[in-house]
Structures are given as C-alpha cells and as structure tokens.
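Protein chains: 2
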Amino acid sequence: MAAPDPIADARRNWEEHGWADVAASMAAITAIMRTQQILLARIEGALKPFRLTFARYELLALLSFARSGTLPMNKASALLQVHPTSVTNAVDRLESAGLVARSPHPTDGRTTLIELTAEGRTLAKSATAVLNTDVFGKSGFASEDIDELIRILGSFRRNAGDFTDD
Amino acid sequence: MAAPDPIADARRNWEEHGWADVAASMAAITAIMRTQQILLARIEGALKPFRLTFARYELLALLSFARSGTLPMNKASALLQVHPTSVTNAVDRLESAGLVARSPHPTDGRTTLIELTAEGRTLAKSATAVLNTDVFGKSGFASEDIDELIRILGSFRRNAGDFTDD
DNA sequence: GCAATATACTAGGACATCCAAGGGTTTGGA
DNA sequence: TCCAAACCCTTGGATGTCCTAGTATATTGC
Chain A
267 MAAPDPIADA
277 RRNWEEHGWA
287 DVAASMAAIT
297 AIMRTQQILL
307 ARIEGALKPF
317 RLTFARYELL
327 ALLSFARSGT
337 LPMNKASALL
347 QVHPTSVTNA
357 VDRLESAGLV
367 ARSPHPTDGR
377 TTLIELTAEG
387 RTLAKSATAV
397 LNTDVFGKSG
407 FASEDIDELI
417 RILGSFRRNA
427 GDFTDD
Chain B
267 MAAPDPIADA
277 RRNWEEHGWA
287 DVAASMAAIT
297 AIMRTQQILL
307 ARIEGALKPF
317 RLTFARYELL
327 ALLSFARSGT
337 LPMNKASALL
347 QVHPTSVTNA
357 VDRLESAGLV
367 ARSPHPTDGR
377 TTLIELTAEG
387 RTLAKSATAV
397 LNTDVFGKSG
407 FASEDIDELI
417 RILGSFRRNA
427 GDFTDD
C-alpha cells in the first residue's frame, strides 16, 4: 500500500550512478516541476466554472490592475513573461468570449491595445475571489515556508536575470 | 532602465485591493510557476542537441534505471505522474526515433511494455551527463536553499497526496 | 461458464507554449 | 530625404498536457 516518493527514488538512482554531487539539486528542481504541476491543476480547476484557463486569467487580472484598463500586446507579453504568440492566442480567445477587445494604438501603428470589457472586468473580479479563497488561501504551505519560498525563489529569479533591482 | 519584479508588483496589487491575507501565498505560488518556466527552458535547451524534449528524456531516464530496462506503460505513467495519453504520445515519438520499442506483455494482453533500445540507452546516458553538468550543477540555488526547497516542497507534496510514507 | 465490472492503451479534440517567417510601421543614420 | 534596421503582431507548424470516448483484455461474482 506504500506510495513511495518518485523524486526520492530518482535521487537515490542519481546517487548510485555517480552523480551524488548534483543529486540534491536534481531533486529540488524536479520537486519544483511537480509542485508547479499540482498547483496549476488546482488553479485550472478553480477557474473552470468561469470558462477561463490560467493563461487567460492572468491576462485578465493584469488588465484589471492597469490604470487605464488597457495594455499594449507587447507590454502584456513582457509582464506575463510569455512569448508574444501566446498573448495573441489568449487575446483571440478572450476576444471571442467578449472579455477583451483589440484597438489600434492612437500614435503607434505597429501596436495593438488590449482593453478589458465591462463583462471581462466583472469576470476577473469573481475569478480572483474564488482563486484567493480556494487556492491561495489554502495553499498547504506553512506561513514561514511561504516567506522562505519567496526569498529563495526571488534570489533565483534575480540571479537568472528575471528582474533587476532599480 | 529598471526591470522591476512583476511578481512583487502583483503582490502590491493584491494588497491594495483587499487581499493582503493571501498576497504572500499568491506571490510564492506565482514564483514557483515562473521558476519552473525558467528551469524548463534551461533543461530543454540542454537537451536540444540530443533532439530530446524533457518529457521524452524523463521517460528514457526512467527506463534506464529500471532493472530490466522495460516498463509497462501504466507504470511509467504512474512514476512520471502524467496522464497515460502523455506517455502514449512520448512513446510514439521515441519509438519513431528508434530509442524505445513497444512489446506485448507476456502474460497480460492489455499491457504494453516499453523497452529501451541500445541507442536509447546510450543517448540517455549522454543526455544525463550534459543535464547534470550544465543544469543541475549550475542551478543557481545556494546549497542550504536546496535543502530548504526539498523540505518545503516535500512537505507540500506529501500534504497534497503525492506520496505517503510507507 | 458467462455476464458485469475493472483495467490498459489509443484516437480525437481543446489548449498552451515556443520557434520561424512574413508583412506592416517607425526610427535613425547616411 | 530616404532606405535599412528595428520593432510589433500574426500565421503556421511542432510539442506536450489533459479530457472524453472507444476497443480490447482480465478479473469477479453469481
């Protein structure tokens, strides 16, 4: 009836095959991968009733916090840290659902602005409430561990060039 | 020239909109998502010369550690913690590349065994060496932080039902 | 022994991500 | 002024993941 930890198994395999020096690092990275998978599944589950995926939700949330309620596509791509084509894809679907609208940039003909519709704003608010209550509010992390995670992962991301201190 | 941290921005937004109680949790979870994205990109980059993706590499590595060099599809699905159709997909491509082979289970007609070919075993070994040297060996995590991550994420995964202590 | 239930794998479809390439718009240096 | 380089978005293609069926094989219970 035992359900052993596949990551602990992998670590043992690494150690037994001459890679003991990187076994812990491998285990930590694999654990991050798996944790992300679990969290993403929870998030997608919470968003399902809203007919939203996490990618689309993130875009809606980003727009809802923008002062003007609009953002250029490339800005959204940079802030969400995803490929521009992923934003195109998300906007296509959100636009079909009537949650956002595209409009040309007033002065730069290359740029397209994304704008939240009233319906999009309402849905973003509802989805955020559910996400906060059902996922973030019940993450399963101890609160000291949350601070540790933010510190460790923040250090990693800064080191990876994800952002710089101004 | 500042490149502020998008996650810190999001956390501020959360706090300013009445969700201060879950803002830290949101930030930690978002950081996990982003860290996974960065790590996955590194891994895929390291595997590119081998014409392998991470999903396919994981399957090869798993097979290379199996005593007999073979595993039933359902076993692989359970150990990799992915959907059975994902394994079907990976095996299809690995089989096309001549790295694994399917064979019927000797006693259970429902089951298909995946077997590593000689070529697959060689490639797995080379890819592992590169991954260990270029990714796991240069993760960018402090070694005390690696232990912390393993502890925190291990606790989370156990809590999430990912595994049980025997 | 045979029908009902359970298990294993695969086919088809929806989504998301990235890369490569193409067409339109701006910008900046000759 | 004018054209090349830079920038922005979209299309098309490859992968991967999951879900929902559907087919085939095993196991169970009466």
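These protein sequences, in sequence, are chains A and B. Counting in the numbering used here, the first sequence runs without a single skipped number right up to 432 at its last residue. Counting in the numbering used here, the second sequence runs without a single skipped number right up to 432 at its last residue. Heads up, the beta-carbon is just placed ideally off N, CA and C, and yes, glycines get one too.
_Cα-Cα separation between B/ARG423 and B/LEU382, rounded to whole angstroms_ = Taking the second sequence and counting its residues from 1, the one referred to as residue 423 of chain B is at position 157. Taking the second sequence and counting its residues from 1, the one referred to as residue 382 of chain B is at position 116. Straight-line Cα distance between these residues: approximately 30 angstroms.
*asked:* Assuming B/LEU326 and B/GLY364 are in contact, meaning their beta carbons sit under 8 angstroms apart, how far apart are those beta carbons, in whole angstroms?
replied: Translated into the one-based positions of the second sequence, residue 326 of chain B becomes position 60. Translated into the one-based positions of the second sequence, residue 364 of chain B becomes position 98. Between B/GLY364 and B/LEU326 the Cβ distance is about 12 angstroms, and since that is not below 8 angstroms, they are no contact.
*How about B/ALA294 and A/ILE412: do their beta carbons lie closer than 7 angstroms?*
As a working mapping, residue 294 of chain B is identified with position 28 in the second sequence. As a working mapping, residue 412 of chain A is identified with position 146 in the first sequence. Result yes, Cβ atoms of B/ALA294 and A/ILE412 sit closer than 7 angstroms.
*Any C-beta of chain B sitting closer than 7 angstroms to the C-beta of A/PRO372?*
Mapped onto the first sequence, residue 372 of chain A falls at position 106. For A/PRO372, the answer is no, since every Cβ of chain B falls outside 7 angstroms of its Cβ.
*asked:* I need the straight-line Cα distance from A/THR336 to B/THR430, nearest angstrom please.
replied: By 1-based counting over the first sequence, the position of residue 336 of chain A is 70. By 1-based counting over the second sequence, the position of residue 430 of chain B is 164. Answer to the nearest angstrom: the Cα atoms are 47 angstroms apart.
*Compute the distance between the beta-carbons of A/VAL396 and A/ALA312, then report whether it is under 7 angstroms.*
The residue given as residue 396 of chain A occupies position 130 in the first sequence. The residue given as residue 312 of chain A occupies position 46 in the first sequence. Cβ atoms of A/VAL396 and A/ALA312: closer than 7 angstroms.
*From the beta carbon of B/PRO338, is the nearest beta carbon of chain A less than 7 angstroms away?*
Along the second sequence, one-based indexing puts residue 338 of chain B at 72. Chain A contact via Cβ: absent.
*Between the C-alpha atoms of B/ARG322 and A/ALA290, what's the straight-line distance to the nearest angstrom?*
Position 56 of the second sequence, counted from the first residue, corresponds to residue 322 of chain B. Position 24 of the first sequence, counted from the first residue, corresponds to residue 290 of chain A. So the two alpha carbons sit approximately 22 angstroms from each other.
*Terminal residues of the continuous beta strand (DSSP E) containing B/ALA367?*
Here residue 367 of chain B refers to the residue found at position 101 of the second sequence. It spans 366-370 - the beta strand (DSSP E) in which B/ALA367 sits, taken as one unbroken run.
*What residue range is occupied by the uninterrupted beta strand (DSSP E) comprising B/PRO338?*
Here residue 338 of chain B is taken as the residue at index 72 of the second sequence, counted from 1. Residues 336-338.
*asked:* I'd like the list of long-range same chain contacts for B/MET292, defined as Cβ closer than 8 angstroms, with 5 residues on each side in sequence excluded.
replied: On the second sequence, residue 292 of chain B is found 26 positions in, with the first residue counted as 1. Excluding sequence neighbours, B/MET292 sits near ALA276, ARG277, TRP280, TRP285.
*At a CB-CB cut-off below 7 angstroms, which residues of chain A make contact with B/PHE331?*
Within the second sequence, residue 331 of chain B is the residue found at index 65, counting from 1. What B/PHE331 touches in chain A: ASN279.
*Residue burial classification, A/ARG297 (beta-carbon count within 10 angstroms, cutoff 16)*: Position 31 of the first sequence, counted from the first residue, corresponds to residue 297 of chain A. Correcting the residue type first, residue 297 of chain A is Ala in the shown sequence and not Arg. So A/ALA297 counts as buried.
*Spell out whether any CB of chain B is found under 7 angstroms from the CB atom of A/VAL353.*
Within the first sequence, residue 353 of chain A is the residue found at index 87, counting from 1. No, A/VAL353 lies away from the interface with chain B (no Cβ there is under 7 angstroms from its Cβ).
*Can you give the Cα-Cα distance for A/PRO338 and A/ASP287, rounded to whole angstroms?*
The count along the first sequence starts at 1 and reaches residue 338 of chain A at position 72. The count along the first sequence starts at 1 and reaches residue 287 of chain A at position 21. Distance between the alpha carbons of A/PRO338 and A/ASP287: 46 angstroms.
_Between A/LEU419 and chain B, is any beta-carbon pair separated by less than 7 angstroms?_
Translated into positions along the first sequence, residue 419 of chain A becomes position 153. Answer yes: the Cβ-Cβ gap between A/LEU419 and chain B drops below 7 angstroms somewhere.
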